[in-house]
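Participant:
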Amino acid sequence: MAEATATGTTSEEWQPKIVMFCCNWCSYGGADSAGMGRFQQPPTVRVIRVMCSGRMDPMFILNAFLEGADGVLFSGCHIGDCHYVNGNYKATIKYKFLKAMVNELGLEDERLKLDWISASEGERYANVVTEFTEQIKKVGPSPLKPEGVV
Amino acid sequence: MAEHDLYHLKKLITTPLYENYNLVNERRTIMESEEPRIGVFVCECGVNIGGYLDTQAVADYALTLPNVVHTKVNKFTCADSGQAEIQAGIKEHNLNRVVVASCTPRTHEPTFRACCKEAGVNPYQFEFVNIRDQCSWIHMWDWEGATAKAKDLVRMGVARSRLLEPLEESSVPVDQNVLVIGAGVAGMQAAIDFGDMGYNVYLVEKEPSIGGRMARFDKVFPTNDCSICILGPKMVEVARNKNINIMSYSEVTDVDGFVGNFEVTVLHKPRYLDTDICTGCGACQEVCPVELPSEFNENFGIRKAIYIPFPQAVPMRAVLDKDNCIGCKACEKACEAGAIRYDQEPIYEKLKVGVITVAVGMDAFDPLPHNNYGYGLYDNVITTMEFERLLNAAGPTGGHVVRPSDAVEPITVGFINCVGSRDVNENIYCSGGVCCMFSIKNAQLLKEKRPETNHYIFYMDIRSTMRGFEEAYNRARDLGVKFIRGKPVEITEKENGNIIVRVEDTLKGEIANVELDLLVLGTGLVPNEGISEMGSILKLPRSADGFLTELHPKLAPVDTTTDGVFVAGCAAGPRDIAYATAHGSATAGRATRLLSVGSAPIMGITARIDEDKCVVCGVCVDKCPYGVFEIVGTNGDRRINVVEALCKGCGTCVTACPTGALEQSHFKNDQVLAQVRNVFQYGGE
Amino acid sequence: MDIGDCYVGWATDEDIRTRGASGGLVTAMLAAALEKGLVEAVVVLKKLGEFEAVPIVTSDPEEVKAAAGSMHSVPIVLSRYLDYGTKVALPAKPCDARATIEQAKRQQVDIDTTYIVGLNCGGTMHPAVTRKMLETVYKLDPEEIAGEEIDKGKLIFETKDGEEHAIKIDELEEEGYGRRESCQYCAVNIPTMADIACGNWGVVGDLAGKGTFVEINTEKGIKILQNAIDAGAVEITPADDKGKAIRAKVDGAMMKVAAAADEKYLAPIEGSHLDYYMNALADCINCGACKAVCPVCACGEGAKCTEFSSAADTYKMSLFHLVRFVHLMDSCIGCGQCTDVCPVDISLTHIYQRFARPMQEEFEYKPGMDMTTPPFFGVDLLEEGE
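Residue numbers (my numbering), protein chains in the order written: chain H, 1 to 150; chain B, 151 to 835; chain V, 836 to 1221.
(1) Since H/Asn127 is in the alpha helix (DSSP H), which residue starts that stretch and which ends it?
(2) Would you report the Cα separation of B/Asn175 and B/Glu268, rounded to the nearest angstrom?
(3) Answer yes if the segment 972 to 987 of chain V comes into contact with the segment 939 to 956 of chain V, meaning at least three C-beta pairs across the two stretches below 8 Å, and no otherwise.
(4) Could you give the distance in angstroms between the alpha-carbon of B/Val822 and the alpha-carbon of V/Ile1120?
(5) Check whether the segment 963 to 973 of chain V touches the segment 855 to 875 of chain V, taking contact to mean three or more Cβ pairs, one atom from each stretch, closer than 8 Å.
(6) Output, in chain order, the set of chain B residues within a Cβ distance shorter than 7 Å of V/Glu1142.
(7) Using DSSP with H/G/I as helix, E/B as strand and the rest coil, what is V/Pro890?
(8) If the cut is a Cβ gap below 7 Å, which residues of chain H does V/Pro1130 touch?
(9) Going by other Cβ atoms of all chains shown within 10 Å of its Cβ, with 16 needed for buried, is B/Val639 buried or exposed?
(10) Any idea what DSSP makes of B/Asn172, helix, strand or coil?
(11) Check whether the Cβ atoms of H/Arg55 and H/Gly87 sit closer than 9 Å, and answer yes or no.
(12) So with Cβ pairs under 9 Å, would you call V/Glu1197 a contact of chain H?
(13) What three-state label does DSSP hand B/Leu527 in the structure shown?
(14) Run through chain V and tell me which residues come within less than 9 Å of B/Asp772, C-beta to C-beta.
(15) Roughly how many angstroms separate the alpha carbons of B/Glu436 and B/Ser444, rounded to a whole number?
(16) Excluding the 5 residues preceding and the 5 following B/Arg177 in the sequence, name in chain order all residues of the same chain whose CB lies nearer than 6 Å to its CB.
(17) By alpha-carbon positions, which one of H/Thr92, H/Ile93 and H/Phe21 ends up nearest to B/Gln825?
(18) So is B/Tyr832 buried or exposed if we call it buried at 16+ other beta carbons inside 10 Å?
(19) In angstroms, rounded to a whole number, what distance separates the CA positions of V/Phe992 and V/Ser894?
(20) With C-beta atoms as the reference, is B/Cys586 less than 9 Å away from B/Asp611?
(21) Within the 9 Å Cβ cut-off, does H/Met59 reach chain B?
(22) Interface residues of chain H around V/Leu1157 at Cβ under 9 Å?
(23) Classify B/Tyr128: buried if its beta carbon has 16 or more other beta carbons within 10 angstroms, exposed otherwise.
(24) I want to see whether chain V comes within less than 9 Å of H/Leu144, judged by CB atoms only; does it?
(25) Please return the same chain residues whose Cβ sits closer than 7 Å to the Cβ of V/Ala1074, not counting the five positions on each side in sequence.
(26) Determine whether the Cβ of H/Lys94 lies closer than 9 Å to any Cβ atom of chain B.
(27) Measuring CA to CA, which of B/Glu242, B/Leu245, B/Arg725 and B/Thr227 is closest to B/Pro255?
(28) Which runs of the alpha helix (DSSP H) at least 4 residues long sit entirely within the segment 747 to 794 of chain B? Give them in chain order.
(29) Using a cut-off of 7 Å between C-beta atoms, extract the partners of B/Tyr832 located in chain H.
(30) Ignore the nearest five residues each way along the sequence and tell me which others in V/Glu1050's own chain have a CB closer than 6 Å to its CB.
(31) Going by C-alpha distance, which of H/Leu73, H/Ile61 and H/Glu121 is nearest H/Glu184?
(32) Report all residues from its chain with a CB closer than 6 Å to the CB of V/Ile1104; omit the five preceding and five following residues, and keep chain order.
(33) Quick one: what's got a C-beta closer than 6 Å to V/Met1206's C-beta in the same chain, skipping five residues either side?
(34) For H/Trp14, count the other beta carbons within 10 Å of its own beta carbon; 16 or more makes it buried, fewer makes it exposed. Which is it?
(35) In terms of DSSP beta bridges, what is B/Ser252 paired with?
(36) At the level of alpha carbons, what is the spacing between B/Phe565 and B/Thr712?
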């Protein structure tokens, strides 16, 4: 059983809301593994499952930001291990475009991240989520967040 | 076990192949044209969820969402009672969408889908919300945070479920031929089982003889049976089975198609002789003047340029290594049958098969590149395979284990286990307890043969896990084999060729310098080239350890992520002969489900195209790794042709398509966006 | 005749030679291509007046001949008028040529059956702006205009009475007149990506004004010129080194001017980028005209940018814009049509170019210059040392 890490926050402290896209075979499995290993994380992430990181359309990620996401994470299988051969390669290209766009648009660089987490990497998943949450806390609420959303 | 329980167990393990998803349910047809009527079932999972977040609050919240007409909190939704609640809810409230908020779809999606289907709701209009593995279990001390997150996730799931469409699964016919790639013990067993069941098997082996690694071992643990003696009859069984076509000295170069309909290209490498005429008499190898290191004998001992692979080879035919042939034609003169054919060309053959078993085996770890423990630097450090061939009566020294430096039989022999395994510098995995046992076996065999010898085994752990292994370990200790628990840190060589092993005996807490006449490295098992080749040809992923990945390590150990392709033996990870043999039979069993039924289901989450929106830009064509799309027609008639049977449901084409003409069923743009658009709510609503 | 050869050529028909721009070579070549069946159709601009024209797709050589003459005042990209598979020729400013190539990459145009006759271009002018400029700055009646040209940095109008009125382009553009902003910073003046590049730069001496400088870029370029020669419609003479040098010099000068304009219009944003973009796009009324007119978009009415965004969304920025940015960052050629058609006058081209530049630099990709697959459509980028 994993040790609990401090995740409690006071009601004044702002909690970011992060949208995370996970591929079914690796990253979603990694998220489950984190649960099975009881690796505690801040409750900031909302996972959306798709079959492959190649399915992660830039349109989804952009819409997530417009909806108010303080950070967007998308994760797939490690390079070379994609269940569908090379979906993660395509995700990498989309990521380059999104990153350049987000930078030019003036959103902080830290708000968008692409990572590779395999189904057995429960602890790593928890670390990625925790670290990303910390990063987002530092940059604060997204300037694109519409007024009044929670 | 009651029939009822067996039924649910079956659902848990696999999706039934031939249930008729096309069952038309009158009530369901009517429901489809109505508004979504959603039922949300929140599971407590005992205390796994209920102990860490407020399940009732989540259910109450769900009821406030548009189109949700019924909610229920259950203690164990997957249990009979929980499933009965779902079905009752469906009936009572005319539900046409079901959302279950509980563990993870990776365990129970099939369970609940089947439950819905029974009650008349299309299984693809069922949505799973993960509030355990990805919520209660990771926010165990944040009741509020976990509850808030669960509400968000349920809202997202409900939004998605509104847009889910009923999907049917179609099926394709399954060709009744079988391909087994690799004729080691796992592949041979699979081939025998398929053949005995009456199916036509193509057994493709890249070496000139079947038999694999087992043919090279001396004895096998724990019984110390002579390896080739027990393997030989199996090889003959393969040869005699009328349904098995042995394609030796051949390789699979390409596989196209999909489950039930694979098109395989096999390259038959030329032996440079007519195999119908060659009798395997060996006269050619007697006269051949070219001497080369014998791969079969681990490069101790020689073979000729034209050679019989080994005395028990099946097929018993010679093979000419043309790269090393000097063209003297002595073999042609010596061959009484007149079988030599110098101008043979490679032949490509195309086969159609319905299912494939991949049993391409493994390699032994090679300590040469890093000179592990002095291998390659000091003469008297050898690997286990080299030791096996020395020990073997049919080997290069007639069964005498001798030192490479002076050909003297050693008195003191040491074995180091975990060479290349459990090592951050090499491979971190354990080679399945194989090396522990073969070192024990080899020490014991030499000790029994020459009682004057002394043996040391340097180990970290002894993994004598399977039947008879612990007894073998005890026998070795009784014989006087000394076990030193410690990983040697320094290997040095004396002038006379002796090897000094410096090691901490961790049980005694002492440093020892052990002088040996011969050091044998217990080299682990590593992935071979065949694994990478078949991995890319068949699009099978590999795990971090480099071996092929099975579909599920516990519940589906011989299936792969590619339908119709199964993996057996060491290709899927280090293991011993018994396990590999069992695996081979297992693949025959799993594959025959498809063969005997004669059809395979194509899942419903495939790509669909809206031709009205499609502008035939062709971006999807290159993106699809399975070749599902192509542009057909000319000029104004051009359109994209979609071969749905090839589609594996990844969805990368949908992302690529700029117009949105391509959609992936069950993961359509609007369905995913519905989740994105329900992560947030306006405060106070 | 080889790829890379340069000639000076003209129409043999005197009428075309006089009416046509610098000797009517392009008109004659297009008409001959139609007459001899090298193509089935030609896209040309039918003049409606001194400031306006409309694109037509014609199989009638007479209509082609009637369209002779150059116009600075019609900023339109012709790639949308091409049908897949039809053998067609079109006169193409560099932006037209680049757009055609981008459409070919998206399978909307068959590059093998499309003859792109490139035209040098220093820029076009918006008809409405031009009229205003004539009235306010030149103090001329727009209806009295008989012809116009740009020479040595001056915009010269010829009135019907034969008089010439010239003002320095720089001065005009300082005032907000002159060429379109996207033309001002466009550095692609010679259509090297077209099958054949035609213009009057580099034509000196007796032939000045009566001959067209031609550089052959592809096999199709050879074909269409040779066809015109064989048909007796065109005569050529090899270009001399002096002419080539002059052409290169003019190009260089234009590129310098473009670089200066670049600094003016695409200066780094001061302060918050997000505020800049949100303000710039705030007036958008979701009419979708920018998408309809974009020459590198292949989508028809159904498109991700329109289908999943809605005027009802209460976001701080529009998903329509964001999706178009990401889909087009690597492919925007800066033609400027989006700005032209925007009913609320958003300087869209500058915005798209701001996103496009870093992307195109990173991938070392220039859209429309050859048939290289756009990075966004790529599958395997990681071999580049990821």
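Where a beta carbon is used, it is the ideal one built from N, C-alpha and C, also for glycine.
Facilitator: The short version:
(1) As a first step, residue 127 of chain H must be located in the first sequence, where it is residue number 127. Gly122 to Val139 is the span of the alpha helix (DSSP H), which, as asked, contains H/Asn127.
(2) Counted from its first residue, the second sequence places residue 175 of chain B at position 25. Counted from its first residue, the second sequence places residue 268 of chain B at position 118. Residue placement at B/Asn175 cannot be trusted, given a pLDDT of 34 that sits under 50; what the coordinates show is reported in the next sentence. The straight-line gap from Cα to Cα measures roughly 10 Å.
(3) no
(4) Stepping through the second sequence from its first residue, residue 822 of chain B is reached at position 672. Stepping through the third sequence from its first residue, residue 1120 of chain V is reached at position 285. Rounded to the nearest angstrom, the two C-alpha atoms are 26 Å apart.
(5) no
(6) Your numbering for residue 1142 of chain V matches position 307 in the third sequence. Correct list: Gly810.
(7) Numbered from 1 along the third sequence, position 55 holds the residue referred to as residue 890 of chain V. The answer is strand: DSSP assigns V/Pro890 an E or B state.
(8) Here residue 1130 of chain V corresponds to residue number 295 of the third sequence, with the count starting at 1. Near V/Pro1130 there are no residues of chain H at all, since even the closest Cβ is about 20 Å away, more than 7 Å.
(9) Position 489 of the second sequence holds residue 639 of chain B. With fewer than 16 Cβ atoms within 10 Å of its Cβ, B/Val639 is classed as exposed.
(10) Stepping through the second sequence from its first residue, residue 172 of chain B is reached at position 22. Caution is warranted here: a pLDDT of 30 is assigned to B/Asn172, below 50, making its placement in the model unreliable, and the coordinate value is therefore given only provisionally. If DSSP states are grouped into helix, strand and coil, B/Asn172 belongs with coil.
(11) For this step, residue 55 of chain H is matched to residue 55 along the first sequence. For this step, residue 87 of chain H is matched to residue 87 along the first sequence. Yes, the Cβ-Cβ distance between H/Arg55 and H/Gly87 is below 9 Å.
(12) Position 362 of the third sequence, counting from 1, holds the residue named residue 1197 of chain V. V/Glu1197 counts as touching chain H.
(13) Translated into positions along the second sequence, residue 527 of chain B becomes position 377. The answer is coil: DSSP assigns B/Leu527 none of H, G, I, E or B.
(14) Translated into the one-based positions of the second sequence, residue 772 of chain B becomes position 622. Per Cβ cutoff of 9 Å: Thr1208, Phe1212, Gly1213 and Val1214.
(15) In the second sequence, the residue the question calls residue 436 of chain B occupies position 286. In the second sequence, the residue the question calls residue 444 of chain B occupies position 294. One C-alpha to the other measures close to 15 Å.
(16) Taking the second sequence and counting its residues from 1, the one referred to as residue 177 of chain B is at position 27. At B/Arg177 the pLDDT is 35, less than 50, meaning the model places this residue with poor confidence and gives no usable figure here.
(17) By 1-based counting over the second sequence, the position of residue 825 of chain B is 675. Checking every option, the nearest Cα to that of B/Gln825 belongs to H/Phe21.
(18) The residue labelled residue 832 of chain B in the question sits at position 682 within the second sequence. Exposed.
(19) In the third sequence, residue 992 of chain V corresponds to position 157, counting from 1. In the third sequence, residue 894 of chain V corresponds to position 59, counting from 1. For V/Phe992 and V/Ser894, the distance between alpha carbons rounds to 33 Å.
(20) As a working mapping, residue 586 of chain B is identified with position 436 in the second sequence. As a working mapping, residue 611 of chain B is identified with position 461 in the second sequence. Yes. Within cutoff.
(21) As a working note, residue 59 of chain H is residue 59 in the first sequence. Yes - at least one Cβ of chain B is within 9 Å of the one on H/Met59.
(22) Working through the third sequence from its first residue, we reach residue 1157 of chain V at position 322. Those within 9 Å of V/Leu1157 in chain H are Pro58, Met59, Leu62, Asn63, Phe65, Leu66, Met101 and Leu105.
(23) Given that chain B is displayed from residue 151 to residue 835, the structure contains no residue 128 of chain B and the question cannot be resolved.
(24) Position 144 of the first sequence holds residue 144 of chain H. Chain V, which has a Cβ nearer than 9 Å to the Cβ of H/Leu144, makes this yes.
(25) Along the third sequence, one-based indexing puts residue 1074 of chain V at 239. Excluding sequence neighbours, V/Ala1074 sits near Cys841, Tyr842, Val843, Gly1037 and Phe1048.
(26) Residue mapping note: residue 94 of chain H aligns to position 94 of the first sequence, counting from 1. It does: the Cβ of H/Lys94 has a partner Cβ on chain B nearer than 9 Å.
(27) Within the second sequence, numbered from 1, the residue matching residue 255 of chain B stands at position 105. Considering only alpha carbons, the answer is B/Thr227.
(28) 769 to 773
(29) Translated into the one-based positions of the second sequence, residue 832 of chain B becomes position 682. What B/Tyr832 touches in chain H: Gly148 and Val149.
(30) On the third sequence, position 215 is the one that residue 1050 of chain V refers to. Closer than 6 Å at the Cβ level, and outside the excluded window around V/Glu1050, lie Cys841 and Ala1032.
(31) There is no way to answer for residue 184 of chain H, as the model of chain H reaches only from 1 to 150.
(32) The residue you call residue 1104 of chain V lines up with position 269 of the third sequence. Hits under 6 Å: Tyr1111.
(33) The count along the third sequence starts at 1 and reaches residue 1206 of chain V at position 371. None.
(34) By one-based count along the first sequence, residue 14 of chain H stands at place 14. Under this definition H/Trp14 is an exposed residue.
(35) As a working mapping, residue 252 of chain B is identified with position 102 in the second sequence. Per DSSP, B/Asn280.
(36) Against the second sequence, residue 565 of chain B aligns to sequence position 415. Against the second sequence, residue 712 of chain B aligns to sequence position 562. B/Phe565 and B/Thr712: Cα-Cα distance of roughly 41 Å.
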